[in-house]
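Shown next as structure tokens:
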């Protein structure tokens, strides 16, 4: 059980780091700002339905805001 708790703590630390990076980037990149705004709206409004899990909802947001992400394009479209 300690191992699972340790893995969860590490995952939360990584999530916290990623979220902080997104928030910093959102100050200078409008697309990231809109993505973060939609992400917080999704989380706060509890828009996740029982048949749509978090990963699916997050992928939909990513596709909406960064459609060329899978192609490895990191610059503006």
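Residue numbers (full-length UniProt numbering): 1 to 77. Ideal Cβ positions, reconstructed from N, Cα and C, are used throughout, including at glycine.
For residue i, count neighbouring Cβ atoms within 10 angstroms of its own Cβ and tell me buried if that reaches 16, exposed if not.
i: residue 40; result: exposed
i: residue 35; result: buried
i: residue 67; result: exposed
Do residue j and residue i come within 7 Å of each other at the CB atom, strictly closer than that value?
i: residue 38; j: residue 58; result: no
i: residue 65; j: residue 31; result: yes
Using CA atoms only, rank isn't needed, just tell me which of the options is closest to residue i.
i: residue 54; options: 19, 43 and 63; result: 43
Say the cut is 6 Å; is the CB of residue i nearer than that to a heavy atom of the ligand ZN?
i: residue 60; result: Ligands are entirely absent from the displayed structure, and the ligand ZN is therefore not among its contents.
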